[in-house]
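The structure appears right after this line, and notes come after that.
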Amino acid sequence: MVLTADDIRQLNDKIQYQSVFIDRLRDEVGRVIVGQHSMLDRLLIGLLSNGHVLLEGVPGLAKTLAIKSLAQAIHAKFSRIQFTPDLLPADVIGTMIYNQ
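The opening residue of the sequence shown carries number 9 in the working numbering; numbering runs sequentially from there.
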């Protein structure tokens, strides 16, 4: 498929239109979280790609506050899991119990 100049122009218009949402989201979370632009960008990538994000760090870096602020900005449900050395994947996503 070959893109014409008009196709590229339309694509650029769509990108600019959709970027407004991201800019507003960054601004909203930026009201609470200051100076964590890289972390916020990575959180948005995980959100927009329908992926997962494991946020690690020493205490006091506002990890929970960042996620909570992002969830509030998009009107989503917020929950938090405190990892421990013995935590298993089934503890997070559950297990399937078969009826016999």
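From the three backbone atoms N, C-alpha and C, an ideal C-beta is built for every residue, glycine too.
Determine the extent of the alpha helix (DSSP H) in which F29 is found, giving its start and end residues.
Start and end: A13 to G38.
What number of angstroms, rounded off, separates the C-alpha of L52 from the C-alpha of Q26?
The straight-line gap from Cα to Cα measures roughly 13 Å.
Does the pairing of the stretch 64 to 77 with the stretch 29 to 42 give three or more beta-carbon distances under 8 Å?
A contact exists between the stretch 64 to 77 and the stretch 29 to 42.
Give the single residue among A81, Y106, F91 and S87 whose Cα lies nearest to the Cα of I30.
Checking every option, the nearest Cα to that of I30 belongs to A81.
Taking the alpha helix (DSSP H) that R50 belongs to, which residues open and close that run?
Where R50 is concerned, the enclosing alpha helix (DSSP H) stretches over H45 to L56.
Nearest-angstrom Cα distance between V28 and V61?
Each residue's alpha carbon lies about 23 Å from the other.
Do L115 and V37 have their C-beta atoms closer together than 8 Å?
Past the edges of the chain, shown from 9 to 108, lies residue 115, and the structure says nothing about it.
DSSP three-state label for P97, please.
Of the three classes helix, strand and coil, the one that applies to P97 here is helix, per DSSP.
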